[in-house]
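Peer 1:
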Amino acid sequence: MSTMFEGYGTTGPAYDEMFDGGGELRPPYLRMRDSLDKMSTPELISRVEALQASYLDQGITFDIGGEERAMPLDILPRVIEMDTWTTIEKGLQQRVKALEMLLADVYDAGHVFEDGVLPRQVITTSSHFHRQAATIRPANGVRVHVSGIDLIRDNNGEFRVLEDNVRVPSGVSYVMTSRRAISSALPETIAQHRIRPVAGYPQKLLAALRAAAPAGVADPTVVVLTPGVYNGAYFEHTLLARTMGVELVEGRDLVCRRGEVMMRTTKGLAPVHVIYRRVDDEFLDPVHFRADSMLGCPGLIDAARAGNVTIANAVGNGVADDKLVYTYMPDVIRYYLDEEPVIRNVDTWRCGESEAREEVLDRLDELVLKPVDGSGGKGIVIGPRADRAELDELRAKILEDPRSWIAQPVVQLSTVPTFVDGELGPRHVDLRPFAVNDGNRVWVLPGGLTRVALGKGELIVNSSRGGGTKDTWVLAGPTGPEQQQQQQQQQQTHLPSGAVE
Amino acid sequence: MLSRIAESLFWIGRYIERADDTARILDVQTQLLLEDATIDEAQTCRDLLSCMGIEPADAAEAGVDMFGAVTIDQVLRLLAYDPQSPSSIAAIIGSARESARGARETLTVPLWEAINTTWRPIPSGHFEALRPPYIFSWVRERAALINGTADATMTRDEGWQFIMLGRNIERADMTSRLVATTALSSGAGQWTSALRASGAYDAFLRTYRGIETDRAAAEFLLLDRLFPRSVVFALDRAEQALVNLTGDPRRAGFQDEAQRLIGRTRAELEYRSLTDLVEDLPDEMERLQRTCAAATDAISRRYFAGSEALAWKGVGA
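Protein sequences appear in the order of chains A and B.
Counting in this note's numbering, the first sequence runs from 65 upward without gaps.
Counting in this note's numbering, the second sequence runs from 62 upward without gaps.
#1: Between the Cα of A:Asp-429 and the Cα atoms of A:Ser-247, A:Arg-231, A:Val-445, A:Cys-415, which residue gives the shortest distance?
#2: CA-CA distance, A:Val-500 and A:Ser-357?
#3: Going by Cα to Cα distance, which pick from B:Ala-205, B:Thr-99, B:Ala-67 is closest to B:Gln-251?
#4: Hey, is the stretch 230 to 248 of chain B in contact with the stretch 283 to 293 of chain B, meaning 3+ C-beta pairs nearer than 8 Å?
#5: Excluding sequence positions up to five away, which residues of its chain have a Cβ less than 7 Å from the Cβ of A:Phe-223?
#6: Pairs of beta-carbons, one from the stretch 304 to 318 of chain A and one from the stretch 151 to 171 of chain B, closer than 8 Å: are there three or more?
#7: Which runs of the alpha helix (DSSP H) fall wholly inside the stretch 394 to 442 of chain A and span at least 4 residues, in chain order?
#8: Extract the residue ranges of the alpha helix (DSSP H) inside the stretch 245 to 289 of chain B, only unbroken runs of 4 or more that lie entirely within it.
#9: Hey, would you say A:Val-336 sits closer than 8 Å to A:Val-373, going by beta carbons?
#10: Please list the partners that A:Arg-306 has in chain B, where partner means a Cβ-to-Cβ separation under 9 Å.
#11: If I follow the unbroken beta strand (DSSP E) through A:Glu-132, where does it start and stop?
#12: Where does A:Arg-580 land, buried or exposed, given buried means 16+ other C-beta within 10 angstroms?
#13: When you compare only the Cα positions, how much space is there between A:Ala-197 and A:Tyr-171?
#14: What's the gap between the Cα of A:His-175 and the Cα of A:Glu-164?
#15: According to the Cβ coordinates, are B:Ala-261 and B:Thr-243 closer than 8 Å?
#16: How should A:Gly-180 be labelled, buried or exposed, when 16 other C-beta atoms within 10 angstroms of its C-beta is the threshold for buried?
#17: Would A:Asp-98 be called buried (16 or more neighbouring beta carbons within 10 Å of its own) or exposed?
#18: Is the Cβ-Cβ distance between A:Asp-375 and A:Ile-339 less than 8 Å?
#19: So the candidates are B:Thr-216, B:Ala-130, B:Cys-353; which of them puts its Cα closest to the Cα of B:Asp-297?
#20: With 8 Å as the threshold, decide whether the Cβ of B:Glu-174 is near any Cβ in chain A.
#21: Could you check what DSSP says for A:Met-327 in three-state terms: helix, strand or coil?
#22: Measuring alpha carbon to alpha carbon, tell me which residue in B:Asp-341, B:Pro-117, B:Leu-226 is nearest B:Asn-7.
#23: Give the range of the alpha helix (DSSP H) segment to which A:His-175 is assigned.
#24: Rounded to whole angstroms, what is the Cα-Cα separation between A:Phe-177 and A:Leu-388?
#25: With DSSP run on the structure shown, which of helix, strand or coil describes B:Leu-156?
#26: Would you give the residue range spanned by the beta strand (DSSP E) that A:Gly-489 belongs to?
#27: Under 7 Å between beta-carbons, which chain B residues line up against A:Thr-482? List them in chain order, please.
#28: Check for me: the beta strand (DSSP E) holding A:Asp-138 runs from which residue to which?
#29: Is it right to say B:Glu-68 is buried, meaning 16 or more other beta carbons lie within 10 angstroms of its own, or is it exposed?
#30: Is the Cβ-Cβ distance between A:Thr-479 and A:Pro-92 less than 8 Å?
#31: Does the beta carbon of B:Arg-53 sit closer than 8 Å to a beta carbon anywhere in chain A?
#32: Buried or exposed: which applies to B:Phe-223, given that a residue is buried once 16 or more other Cβ atoms fall within 10 Å of its Cβ?
#33: Just confirm the distance between the C-beta atoms of B:Gly-74 and B:Arg-228, as a whole number of angstroms; I'd bet it's less than 8 Å.
#34: Going straight from the alpha carbon of B:Pro-171 to that of B:Arg-158, what length do you get?
#35: With distances taken from CA atoms, which of A:Ala-460, A:Glu-81, A:Val-436 is nearest A:Ala-384?
#36: Starting from the Cα of A:Arg-207, find the closest Cα among A:Thr-536, A:Pro-510, A:Leu-539, A:Asp-502 and give me that residue.
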C-alpha cells in the first residue's frame with residue numbers, strides 16, 4: 065500500500081473537495097483513493113511523464129505570445145457527485161435562459177430598464193454594448209449558442225457563479241482531450257467509476273448551430289471562423305471544426321456578395337449560412353468595427369442583419385459578460401423567470417454606488433477588486449496580497465472611474481489534490497461548465513473545464529497565468545457506501561466513460 | 062474544399078517529398094566523397110548547391126562562398142541542419158508542419174501526429190545532434206511514415222489529390238536533380254549510389270539482369286514506367302491527379318494549363334531517343350525543373366486563387 069495521500073495537508077479556510085476538515089475522505093473520492101493507493105509514487109510519476117509527452121506529440125497546445133505550449137493536464141481528476149451536478153445543471157439552464165431574455169430585451173424593447181430592474185446606463189456604458197447588434201434578430205431567437213459560466217466553490221463548499229462568459233468561451237477542447245488522455249493514463253481508475261461521457265459535445269454544438277440557420281435553408285453550411293494559427297485557442301478551433309466535420313475558415317477565406325456570405329473554394333464561391341465565430345466582435349467586420357481588422361470579413365454584419373447568415377454567438381453578447389451587469393443577474397433571473405437563482409453569485413459591491421464605494425475603499429486591503437470588462441484575470445487586485453503603493457494606485461483608479469470596478473470578498477477557491485513537482489498538494493480550482501442552447505433546450509456538458517492554479521496558494525487559475533487543467537468527472541450514480549455497493553453490481557453491464565475519438 | 066486548405070495540402074505533399082529527396086541526394090554525395098578520395102570536394106559541393114537551387118547570394122548570406130573552397134560541412138549546414146536556410150531539411154520539415162498546422166482540421170489525426178512528431182526534434186535541438194548518414198535514414202523513415210499514414214488514413218477525395226499532385230511534382234523535380242548531380246559527379250560508381258539512394262538498386266539489377274551501365278541507370282531513373290521514383294512515373298501520377306481534380310471527361314485537347322505542361326514534358330521525355338537525352342543531362346533536367354515550376358504556377362492560379370500564394374525558393378519559372 066502506498067501512502068500517496070499521507071501528509072496531504074489542507075490549508076487555510078478553503079474547502080478541500082477530497083478531504084473534509086477532519087482529514088476524512090469525502091464519498092465521491094472513495095474509489096479514486098482506493099485505486100491510487102495501489103500505485104507507487106514512481107509509477108504515478110512515469111504515468112505523468114507519458115501523459116505530458118502524449119500532449120506534445122498530439123500538439124494539444126495553447127499559444128502565449130506566439131509560443132506554443134502543451135496544456136498542463138494534472139493526472140488527478142476532480143470528481144463531482146451526481147446530486148451536486150444536477151443542481152449545477154439546473155442553475156446553469158436557468159441562468160442561460162435569463163441571459164437570453166436579458167440580451168433580447170436590451171437590444172430591443174428594453175422592458176428591463178423601464179421596470180427599474182437594471183439601469184439603462186449600465187448597459188449603454190458597457191464597453192461591449194454594440195448598437196450594431198440592435199436590429200439583428202436571430203433566426204431561432206438564440207443569441208447564447210454556447211456559454212461558459214465560471215463557477216467556484218466557496219469556503220462552505222457551495223458552488224457560486226463567478227462570472228458569465230457568453231461571447232466566445234474557450235476551453236471545451238481540453239475537456240474532450242483530457243478525458244481521452246486520462247483514460248490512457250489511469251485506465252484502472254477510470255474503470256472503477258461510472259463517469260458521464262463528454263464526447264457528445266461536438267454533435268450537440270453542430271445541431272444547435274444548424275438549428276440557428278436562417279429560415280428556408282434546407283441543408284445549412286456551418287463554418288468555424290478562427291483568427292488563425294497564432295490565436296491562443298487555435299487548437300480548440302481545429303478540434304471543433306474537425307469533430308463537427310465542417311470547414312475551419314479564416315477571414316481571408318470569406319467574401320460577402322450582395323448581402324450573402326461566401327467562402328473561397330477550389331470550385332469557386334460557396335454559400336455559408338452559420339458562422340461559429342471565434343473572433344471577437346470588434347474584429348468581425350471592418351465596415352462596422354475596427355477598420356484595420358484583417359481577421360473578419362467586410363459585410364458580415366450587414367449579411368447578418370439581412371438574415372442571410374447567423375453569427376454565433378451573437379454580436380453584442382459581451383454586455384452580459386460585463387462584471388457590473390453580473391451583479392444584477394440575481395434580480396434579472398427573478399424578473400424574467402419569477403424564480404430564485406439556483407446558484408448564487410459571489411457577494412459583490414458595485415463601486416459605482418457611493419455607499420458601497422465608501423465601504424470598499426475602507427476595506428481595500430481585504431477585498432478582491434476586479435475591472436468590470438477584464439477577462440483572463442487581467443487587472444485583478446487581491447487586497448491582502450497587495451502592498452501600500454499598489455493599494456494607493458488602485459484607490460486612485462477607483463475614484464477616477466468607479467463604474468469600471470467591482471469588489472468581492474476574498475473567496476478561497478476550493479482545493480483538489482494535484483500532482484506538482486513529484487508530490488501531491490492542495491491546489492485551488494474553478495470550474496467552467498459549457499452549455500449549448502439549440503433554441504428548444506439548454507444542454508449542459510457533464511463536467512466542464514476545471515482550471516487549477518499550479519502555484520501553491522495561488523488563486524488565479526487562467527492558463528495565460530500558468531494555470532493547468534484537470535479532467536472533471538461527473539458520476540453517473542449516487543455515491544453513498546450502500547449505493548456504491550449496488551452500483552458495483554450494476555457496473556458489470558456498463559462500460560466506463562466515453563472518450564472523444 | 063477551401064482554396065487555402067487545398068494549397069496547404071499541395072505544399073505538405075511537396076515539402077515531405079522534398080525533405081525525403083534532399084536526404085537521399087545528400088546521402089549519395091556524402092557517400093561518394095567518403096569512398097573516393099580522388100573527387101574534388103569543392104567542385105562537387107559547388108555543383109550540388111547549384112543543382113539544389115542555392116544562389117551564390119543566398120549562400121554568401123549564410124557565410125558560404127560558392128566560388129571558393131566549399132566544404133561538405135557547409136553543404137550539410139545549408140541543405141540539412143540550418144533552420145534559417147530555406148532549402149535545409151530542417152526548414153522544409155518546419156514548413157511542412159506549419160502548413161499542416163494551418164490545415165489541421167482537414168488532416169486525419171494520425172497524419173497530423175506523424176508530421177508533428179517529425180517536427181518536434183527540430184525546435185528541441187535533437188535534430189541538430191543527429192549525424193550523417195543516420196540523419197538521412199531518419200528523414201527517409203519519417204517521410205515513409207508520413208506518406209504511409211496518409212495513404213492508409215485519407216479518403217481519396219480532393220484533399221488527397223492535392224497531396225498526390227504536390228508529392229509527384231516534387232518527386233519529378235527532385236529525381237531530376239538527383240540525376241543531374243549524379244551526371245556532374247566525377248566519381249566512379251556514382252550511378253550505383255544514385256540508384257541506391259532511390260531505393261532502386263535491386264529493382265534495377267533485376268530489370269537489367271545485372272548489367273550495370275551509366276546509361277541504363279539514367280534510363281531507369283528517368284524513364285522506367287514501373288519504378289515509382291522515376292521521373293516519368295511521377296509525371297504520370299501528377300497528370301492523373303489533375304485529371305481526377307477536374308473531373309471532366311477527356312475529349313479533345315487539354316483545357317488545364319498544368320496538365321498540358323506536364324503532359325507535354327512527359328511525352329517529350331518518353332519519345333526522345335535515350336542517346337539525345339543522356340548527351341546533355343544537366344540542361345535537360347533544368348528544363349524539366351522549369352516545367353514543374355510553371356505547372357505549380359498554373360495550379361495556383363486555377364485552384365488557390367484568392368489565398369495568398371506561397372513562394373518556393375529554387376528554380377524560377
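Yeah, the Cβ is synthetic: ideal placement off N, Cα and C, and Gly gets one too.
Peer 2: Let me spell this out:
#1: A:Val-445
#2: 29 Å
#3: B:Thr-99
#4: yes
#5: Ile-152, Leu-215, Arg-217, Ile-407
#6: yes
#7: 418 to 426
#8: 251 to 258, 262 to 268, 275 to 284
#9: yes
#10: Arg-165, Glu-166, Thr-167, Leu-168, Val-170
#11: 131 to 134
#12: Any property of residue 580 of chain A remains undetermined from this structure, which presents chain A solely from 65 to 565.
#13: 7 Å
#14: 14 Å
#15: no
#16: exposed
#17: exposed
#18: Looking at the sequence shown, residue 375 of chain A is not Asp but Ile. Yes, the Cβ-Cβ distance between A:Ile-375 and A:Ile-339 is below 8 Å.
#19: B:Cys-353
#20: yes
#21: strand
#22: The structure shown does not extend to residue 7 of chain B, since chain B is modelled only from 62 through 378, so no value can be given for it.
#23: 175 to 178
#24: 15 Å
#25: According to the sequence shown, residue 156 of chain B is Ser rather than Leu. Note: B:Ser-156 maps to helix in three-state DSSP.
#26: 487 to 496
#27: What A:Thr-482 touches in chain B: nothing, since even the nearest Cβ is about 27 Å away.
#28: 137 to 144
#29: buried
#30: no
#31: Outside the modelled stretch of chain B, which goes from 62 to 378, sits residue 53 of chain B, for which no answer is possible.
#32: buried
#33: 4 Å
#34: 14 Å
#35: A:Val-436
#36: A:Asp-502
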